[in-house]
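Peer 1: Residue numbers (the working numbering), protein chains in the order written: chain R, 1 to 167; chain P, 1001 to 1163. Note that CB positions come from ideal geometry on N, CA and C, so glycine has one too. In this text the structure is predicted, and so the values were computed from the model without any measurement. This is the structure, below, for whatever I ask next.
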Amino acid sequence: MKVFLTGIIATPYAREYLSTCAAILRENGFECYTPTEGGWHPTGSDQAESTLQEDYQALEQAEAVVAVLDGYNVNDGVAGQIGSFYALMQRDGSKKGILGILHDTRVARWDWSAGARALNYYMLGCVETRGQVFRSFPEALAELRRWAGHAERSPLKDPYSPGLGPA
Amino acid sequence: MKIYTAGPLFTPYHRAFIARLAQRLREAGFICYVPHERGVTKEIEWASGHPRTAKGIFEMDYEMVAGVNAIVALLDDPDVSSGTACEIGIFYGLMQHDPSKKGIVGLLTDAQAWKRAQVGAPPVNAFTLGCVEDVGKTCRTIEEVIDQMNTWQHELREAGVLD
């Protein structure tokens, strides 16, 4: 399954997070595009600046989107990609849907008690039409594996430990 | 020399970066106060049903901000985090009457902010940036931050404030 993975790309640590998730997706048998890697195949760099045409073509090719929804407001580029994929889904039955990942404690609270309810409803509707928002990457990966018909396996350990980050 | 690391703590990758910054500062010999290290206990309290209040968070962080010689503040994201900006303002005020407080270093890795700077706009809020640049500088890398902190530590030792 081809997965378009998107999120905040303005800071080095946010790009590193996306690259870590992309590597895990590939280990799990998915093809993965991220705007920071410049294509479907990892180049070893997370410094690429993709163009609208490159990203849109990848959205056309993708069967699923995984979007990191962090920030007080969801990043405008991420929201635009969600909207584009939602429109593509309307005429392409091969597209499975959109999965969100929300860590931001200002929106979801530290214990995720607010969940995704404080996100913009229009964008959330795009996601939840054929998908849902998860609190961590491993949970989203488990859903992707279900969509792809992969066998059940034990949950992945979160590559970012609860307090500090990469284990 | 004691340093407080201010910055957004809202996602695992923010916390990971600030933890990495603190580790590098400690390896360079500085005493580093990191809000989310103290906050871990509080997080557990929150998850187990004991709410932490805004006043409680403020008191915990103020104690750290008021007790250090310098601040490094992560200025990334579309806006500087309001908590970070408030801590910058507090430290700037405290500095006016306390010679043991050397300054504020802003750490800005955000590519969008530097794009704003390239076209002549302030990369972050001008008042916040002014507080930083009046008593310190803005850096792009952790290495630059450590260089500035070493300079200030040397100056404090020369002045007899530090051993």
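(1) Let me know the beta strand (DSSP E) ranges lying completely inside the segment 69-113 of chain R, each 3 residues or longer, listed in chain order.
(2) Hey, could you find the ends of the alpha helix (DSSP H) residue 1091(P) is sitting in?
(3) Any C-beta of chain R within less than 7 Å: which residues of the segment 1099-1118 of chain P qualify?
(4) Please tell me whether residue 150(R) has its Cβ less than 8 Å away from any Cβ of chain P.
(5) Quick one: residues in its chain with C-beta nearer than 7 Å to the C-beta of residue 50(R), no 5 flanking neighbours on either side, listed in chain order?
(6) Compare the C-beta of residue 106(R) against all C-beta atoms of chain P and say whether one is closer than 8 Å.
(7) Pull up the CB-CB distance for residue 1156(P) and residue 1107(P), whole angstroms please, since I reckon it's below 8 Å.
(8) Helix, strand or coil: which one does DSSP assign to residue 5(R)?
(9) Tell me which residue opens and which closes the beta strand (DSSP E) that residue 10(R) is part of.
(10) So that I know if they touch, is there some Cβ in chain P lying closer than 8 Å to that of residue 13(R)?
(11) Starting from the Cα of residue 61(R), find the closest Cα among 140(R), 1(R), 148(R) and give me that residue.
(12) Got a sec: is the Cβ-Cβ distance from residue 1076(P) to anything in chain R below 8 Å?
(13) Are at least three pairs of beta-carbons, each pair with one atom in the segment 1114-1126 of chain P and one in the segment 1145-1155 of chain P, less than 8 Å apart?
(14) Going straight from the alpha carbon of residue 65(R) to that of residue 22(R), what length do you get?
(15) So is residue 1012(P) buried or exposed if we call it buried at 16+ other beta carbons inside 10 Å?
(16) Within its chain, find whatever has a CB closer than 7 Å to the CB of residue 1128(P); leave out the 5 residues flanking it on each side and keep chain order.
(17) Starting from the beta carbon of residue 1084(P), find every residue of chain R whose beta carbon is closer than 9 Å, and list them in chain order.
(18) May I ask you to list the residues that DSSP assigns as paired with residue 1103(P)?
(19) Are three or more beta carbon pairs between the segment 68-75 of chain R and the segment 101-115 of chain R nearer than 8 Å?
(20) Are the C-beta atoms of residue 1138(P) and some chain R residue less than 8 Å apart?
(21) Just checking: is the beta-carbon of residue 116(R) within a distance shorter than 8 Å of some beta-carbon in chain P?
Peer 2: If we stick to the structure as given:
(1) 97-101
(2) Position 91 of the second sequence, counted from the first residue, corresponds to residue 1091(P). Residue 1091(P) -> alpha helix (DSSP H) spans 1082-1095.
(3) 1109, 1110, 1111, 1112
(4) Taking the first residue of the first sequence as position 1, residue 150(R) is located at position 150. For residue 150(R), the answer is no, since every Cβ of chain P falls outside 8 Å of its Cβ.
(5) Counting from one through the first sequence, the residue named residue 50(R) turns up at place 50. Same-chain partners within the cutoff: 35, 38.
(6) On the first sequence, position 106 is the one that residue 106(R) refers to. It does: the Cβ of residue 106(R) has a partner Cβ on chain P nearer than 8 Å.
(7) In the second sequence, residue 1156(P) corresponds to position 156, counting from 1. In the second sequence, residue 1107(P) corresponds to position 107, counting from 1. Rounded, the Cβ-Cβ distance is 21 Å, inconsistent with contact.
(8) Residue numbering aside, residue 5(R) sits at position 5 when the first sequence is read from its first letter. In this structure, residue 5(R) counts as strand in the three-state DSSP scheme.
(9) Position 10 of the first sequence holds residue 10(R). Here residue 10(R) belongs to no beta strand (DSSP E), and DSSP marks it neither H nor E.
(10) As a working mapping, residue 13(R) is identified with position 13 in the first sequence. Chain P, which has a Cβ nearer than 8 Å to the Cβ of residue 13(R), makes this yes.
(11) Within the first sequence, the letter at position 61 stands for residue 61(R). The shortest C-alpha separation from residue 61(R) is found at 1(R).
(12) Taking the second sequence and counting its residues from 1, the one referred to as residue 1076(P) is at position 76. Yes, its Cβ sits closer than 8 Å to a Cβ of chain R.
(13) no
(14) Taking the first sequence and counting its residues from 1, one reaches residue 65(R) at position 65. Taking the first sequence and counting its residues from 1, one reaches residue 22(R) at position 22. C-alpha separation (whole angstroms): 12 Å.
(15) Indexing the second sequence from 1 puts residue 1012(P) at position 12. Buried, by the Cβ-count rule.
(16) What you label residue 1128(P) is simply residue 128 of the second sequence in a count that begins at 1. Closer than 7 Å at the Cβ level, and outside the excluded window around residue 1128(P), lie 1080, 1085, 1088.
(17) Stepping through the second sequence from its first residue, residue 1084(P) is reached at position 84. Here the premise fails: no neighbours, minimum Cβ distance about 13 Å.
(18) As a position in the second sequence, residue 1103(P) is number 103, starting the count at 1. DSSP lists 1070(P) as partners of residue 1103(P).
(19) yes
(20) Here residue 1138(P) refers to the residue found at position 138 of the second sequence. No, residue 1138(P) lies away from the interface with chain R (no Cβ there is under 8 Å from its Cβ).
(21) Taking the first residue of the first sequence as position 1, residue 116(R) is located at position 116. Not one chain P Cβ lies under 8 Å of residue 116(R).
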